[in-house]
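The sequence shown begins at 1 in the UniProt record's numbering and counts up one residue at a time. Glycine included, C-beta positions come from ideal geometry on N, C-alpha and C. One structure is given here, and the rest of the page talks about it.
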Amino acid sequence: MGFKDIVERLDKYQRRLVGGKAAKIKSHHIEKAIEKLTTKEAQLKEELRETTKPEKRRRLEEKISTIRTQIEKAEWLSKEI
Numbered sequence: 001m002g003f004k005d006i007v008e009r010l011d012k013y014q015r016r017l018v019g020g021k022a023a024k025i026k027s028h029h030i031e032k033a034i035e036k037l038t039t040k041e042a043q044l045k046e047e048l049r050e051t052t053k054p055e056k057r058r059r060l061e062e063k064i065s066t067i068r069t070q071i072e073k074a075e076w077l078s079k080e081i
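Right under this line is the structure:
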């Protein structure tokens, strides 16, 4: 499952929570998404350490920031269900 798929799934879970269908959301699905995002974040941080081109560093930093936001969103969602 790619990064976009994980983000879309988390957004879908959040919409379900707002729609009152939180009972259908399984906590292990959210935990799995957090694990995948954390793994991807670690990979990108390693790539960032090895990258010297300013433009590529900027893109990697943006991706890491986005992943961090998604992890925070998933952790919040996990607490809400």
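Just how far apart, CA to CA, sit residue i and residue j?
i, j, result
"residue 35", "residue 75", "11 Å"
"residue 57", "residue 41", "14 Å"
"residue 6", "residue 79", "18 Å"
"residue 28", "residue 65", "24 Å"
"residue 77", "residue 54", "35 Å"
"residue 71", "residue 8", "13 Å"
Please list, in chain order, all residues of the same chain as residue i whose beta carbon is under 8 Å from its beta carbon, the five residues on each side excluded.
i, result
"residue 67", "3, 37, 40, 41, 44"
"residue 30", "10, 13, 74, 77, 78, 81"
Would you decide whether residue i is buried or exposed? Buried here means 16 or more other CB atoms lie within 10 Å of its CB.
i, result
"residue 12", "exposed"
"residue 26", "exposed"
My understanding is that residue i touches residue j, with C-beta atoms under 8 Å, so please give their C-beta distance in whole angstroms.
i, j, result
"residue 10", "residue 73", "6 Å"
"residue 69", "residue 60", "That pair is no contact at about 15 Å."
Could you name the residues of the same chain whose beta carbon sits closer than 6 Å to that of residue i, not counting the 5 residues immediately before and after it, in chain order?
i, result
"residue 32", "none"
Inset, instruction - Say whether the region 5-22 touches the region 43-52, bearing in mind that this needs 3 or more beta-carbon pairs closer than 8 Å, one atom from each stretch. - result: no
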